[in-house]
Amino acid sequence: MMEHFENCSNGSNIFSSQFFGDDSDGSSYDFNVGSWTLEMDKVHSDWCRDHFINPSSVKQISQYVALAMNTLYYPELSPEWLKCQDLEPVWNSDKRFDVDMYDIFSSIYGMNGREMPYTLVGLQQKALSRRKIQDRRYACIHFLNGSCSFGDDCRNAHSFDAARPPCRFQDRCTNSSCLYSHSNDSDRNAAEPIVAPIFGKFNGGH
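Just so you know, the sequence shown maps onto residues 1 to 206 in full-length UniProt numbering.
Right, dumping it as structure tokens:
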């Protein structure tokens, strides 16, 4: 990099000395980054003109970079083992960076968010199993009608003794042969004989 600046400045060491800490008018401990001389300004302007860059913008940026480097970083004070270390040790890394950016549970609940999907799956399985048990308490209307095509995979009970699901019309049902149960006539289905499935006919409520 120093050779690049020397070639751009036609062999003069004015430009490179200001950037690489060779300025003799200041110590490395007094935060003095050198003054912007007329010779340096000319070399800087020529270099920026050759590279189609605005000289004023690069001049301001270079001053900030030189000030920060001389203020925060002293290579002569850094031990050799520290130069080989990572910028951030693994044991001191922030736990937030371990969270996947697409994991919404981890971003909200932190480290406990990783267990949240398993908890939700467990709750969903319990809800589905509870619904299956609840559905199995009611008799399959299509089985009573003799037209169920699900067989053993049906979620309702294939039994004549099982309770029938409630009629959606409730007390307003006018079908005397409705296969569903009614709140005002709960024993109607028990009193009437059940027709054999092969001769049955499905009649829903009206």
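Every residue gets a Cβ at the ideal spot worked out from N, C-alpha and C, and that includes glycine.
**OP:** Out of MET40, GLN170, ASP152, ARG164, state which residue places its alpha-carbon closest to the alpha-carbon of LEU144.
**Re:** ARG164
**OP:** Locate the alpha helix (DSSP H) running through ARG49, then write down its first and last residues.
**Re:** 38-50
**OP:** Look up ALA139 in the DSSP assignment and give the residues it is bridged to.
**Re:** ALA157
Original post:
Got a sec? Which residues, its chain only, sit under 6 Å from GLU115 by beta carbon, not counting five neighbours each side?
Top reply: none
Original post:
Helix, strand or coil for ALA127 per DSSP?
Top reply: helix
**OP:** Inspect the beta-carbon positions of SER181 and ASP171 and report whether they are closer than 8 Å.
**Re:** no
Original post:
When the Cα atoms are used, what is the spatial distance from MET40 to HIS51?
Top reply: 17 Å
**OP:** Apply the 10 Å Cβ neighbour rule to LEU123 and answer buried if 16 or more other Cβ atoms are within range, or exposed otherwise.
**Re:** exposed
Subject >> Through-space distance from VAL121 to ILE141, alpha-carbon basis >> reply: 31 Å
Original post:
Does the Cβ of ALA127 have 16 or more other Cβ atoms within 10 Å, making it buried, or fewer, making it exposed?
Top reply: exposed
**OP:** Indicate the three-state DSSP secondary structure (helix, strand or coil) for PRO165 in the structure shown.
**Re:** coil
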